[in-house]
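A.B. asks: With the UniProt record's numbering, letter number 201 in the sequence shown gets 201, and the count goes up by one each step, no holes. This is the structure, below, for whatever I ask next.
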Amino acid sequence: MDYRDSVFMSVAENMSFSKAAYDLNISQPAVTRHIKELEMRYKTSLLERKGNKIFLTKAGEKVYNAFKNIALQYRNLDFEIGQLHDSISGEFRIGASSTISQYVIPKAMAAFCKRYPNIQIYLVNGNSFEMEKMLLDNLVDVALVENFSSQSGIRYRDFMDDELIVVTGKNCVYAKRDAIGKDDLMKLPLVLREQGSGTLEVIKHAFALQNINFDNLNAFIHLGSTESIKNFLLEFDGLAILSEKAVVNELYLKSLIKLKVPGLSMSRKFRLAYRHGHKSQQIELFEDFLFHYNF
Numbered sequence: 001m002d003y004r005d006s007v008f009m010s011v012a013e014n015m016s017f018s019k020a021a022y023d024l025n026i027s028q029p030a031v032t033r034h035i036k037e038l039e040m041r042y043k044t045s046l047l048e049r050k051g052n053k054i055f056l057t058k059a060g061e062k063v064y065n066a067f068k069n070i071a072l073q074y075r076n077l078d079f080e081i082g083q084l085h086d087s088i089s090g091e092f093r094i095g096a097s098s099t100i101s102q103y104v105i106p107k108a109m110a111a112f113c114k115r116y117p118n119i120q121i122y123l124v125n126g127n128s129f130e131m132e133k134m135l136l137d138n139l140v141d142v143a144l145v146e147n148f149s150s151q152s153g154i155r156y157r158d159f160m161d162d163e164l165i166v167v168t169g170k171n172c173v174y175a176k177r178d179a180i181g182k183d184d185l186m187k188l189p190l191v192l193r194e195q196g197s198g199t200l201e202v203i204k205h206a207f208a209l210q211n212i213n214f215d216n217l218n219a220f221i222h223l224g225s226t227e228s229i230k231n232f233l234l235e236f237d238g239l240a241i242l243s244e245k246a247v248v249n250e251l252y253l254k255s256l257i258k259l260k261v262p263g264l265s266m267s268r269k270f271r272l273a274y275r276h277g278h279k280s281q282q283i284e285l286f287e288d289f290l291f292h293y294n295f
């Protein structure tokens, strides 16, 4: 791609000239000059300023979407040319939900990088909804998600089982109990993940199957990450529902205590997601590795 194209993509993704300049390690006037040259090429404005914010014009949106597809084709081409010379290389962008990116995939990615050292891996994380959006926007090649819902334009394949469990802090008044009832779960203060989280969606799904009204929960606070919830529980007399894989160390050290809820199962699948249509050789390589890795 032309360097000006890359500059425009950085501005469009950051919605900021200064952030783009920082990411590209060039001056802000240089960024402005490259954008103006690009606008001269297409004889139209690609960006507009409203107050202190900038936005893509309709022409800018078309150019940005086209550049994303071109960048993807370049990455695929680099990979395929490398294969012709028995040297697998190129870039591969993975989006992963918070739970998967922190507690599941790091060891597998390290093993993948060891086997394919010339492939440059980029990992971004967020909740499952955000990762699916990035996948549809061609910002990542694959997504690893933990939700139940399926979006049109995306194919899914299960790669791991997971179980959500109820936990509390070791100093919590409920820590001395082995189990709680469903009625207790409705009454006791609960710490939950934010809207859009795959974990929250699984909880809602499990409760619906048990005819438990999710809206009647005593949801004390919603937090944006599993780590923040675990730390919050250490100083809070309440409960949380988290992935068992995310609290292995805490359960071993007994800083968090697992509470059984008879009759309530909250199992789910971690899933590999990729766009409908042609599956690139990069995706096939990663998929094959993922499904043969011994987690």
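Note that CB positions come from ideal geometry on N, CA and C, so glycine has one too.
#1: Which parts of the UniProt domain "HTH lysR-type" (1-57) are runs of the alpha helix (DSSP H), unbroken and 4 residues or longer, counting only runs that do not cross its ends?
#2: Quick one, which of Lys204, Lys187, Pro189, Leu188 has its alpha-carbon nearest Gln195's?
#3: Mapping DSSP to helix, strand and coil, what is Ile100?
#4: By the three-class DSSP mapping on this structure, what secondary structure does Val167 have?
#5: Nearest by alpha-carbon distance to Gly153: which of Val166, Glu163, Asn138 is it?
#6: Once the 5 residues before and after Ala208 are set aside, which same chain residues still bring their CB inside 8 Å of it?
#7: Check whether the Cβ atoms of Phe270 and Met134 sit closer than 8 Å, and answer yes or no.
#8: To the nearest whole angstrom, what separates the beta carbons of Gly238 and Val191, a pair I think is in contact under 8 Å?
#9: Grouping DSSP H, G and I as helix and E and B as strand, with all else coil, what is residue 298?
#10: Please state the DSSP three-state secondary structure of Ile88.
#11: Name the DSSP beta bridge partners of Val142, please?
#12: Should the region 220-235 be called in touch with the region 279-286, which here means at least 3 C-beta pairs below 8 Å?
#13: Expressed to the nearest angstrom, what Euclidean distance is found between the alpha-carbon atoms of Glu235 and Ile229?
#14: From what residue to what residue does the beta strand (DSSP E) around Phe220 run?
#15: Once DSSP output is grouped into helix, strand and coil, what is the label at Gly238?
C.D. replies: The structure says:
#1: 3-14, 17-24, 28-42
#2: Here residue 195 refers to the residue found at position 195 of the sequence shown. Taking only the C-alpha atoms, the option nearest Gln195 is Lys204.
#3: As a position in the sequence shown, residue 100 is number 100, starting the count at 1. In this structure, Ile100 counts as helix in the three-state DSSP scheme.
#4: Taking the sequence shown and counting its residues from 1, one reaches residue 167 at position 167. Reduced to three states, the DSSP call for Val167 is strand.
#5: One-based indexing of the sequence shown puts residue 153 at position 153. It is Asn138.
#6: Stepping through the sequence shown from its first residue, residue 208 is reached at position 208. Phe214, listed in sequence order.
#7: By one-based count along the sequence shown, residue 270 stands at place 270. By one-based count along the sequence shown, residue 134 stands at place 134. No, the Cβ-Cβ distance between Phe270 and Met134 is not below 8 Å.
#8: Residue 238 sits at position 238 when you count from the first residue of the sequence shown. Residue 191 sits at position 191 when you count from the first residue of the sequence shown. Sure, about 6 Å apart at Cβ, within 8 Å.
#9: Any question about residue 298 goes unanswered here, given that the chain covers just 1 to 295.
#10: Taking the sequence shown and counting its residues from 1, one reaches residue 88 at position 88. The answer is coil: DSSP assigns Ile88 none of H, G, I, E or B.
#11: For the purposes of this step, residue 142 is identified with residue 142 of the sequence shown, where counting begins at 1. Partner(s): Ile94.
#12: no
#13: Against the sequence shown, residue 235 aligns to sequence position 235. Against the sequence shown, residue 229 aligns to sequence position 229. Distance between the alpha carbons of Glu235 and Ile229: 10 Å.
#14: For this step, residue 220 is matched to residue 220 along the sequence shown. Run containing Phe220: 219-223, per the beta strand (DSSP E) assignment.
#15: The count along the sequence shown starts at 1 and reaches residue 238 at position 238. Correct three-state label for Gly238: coil.
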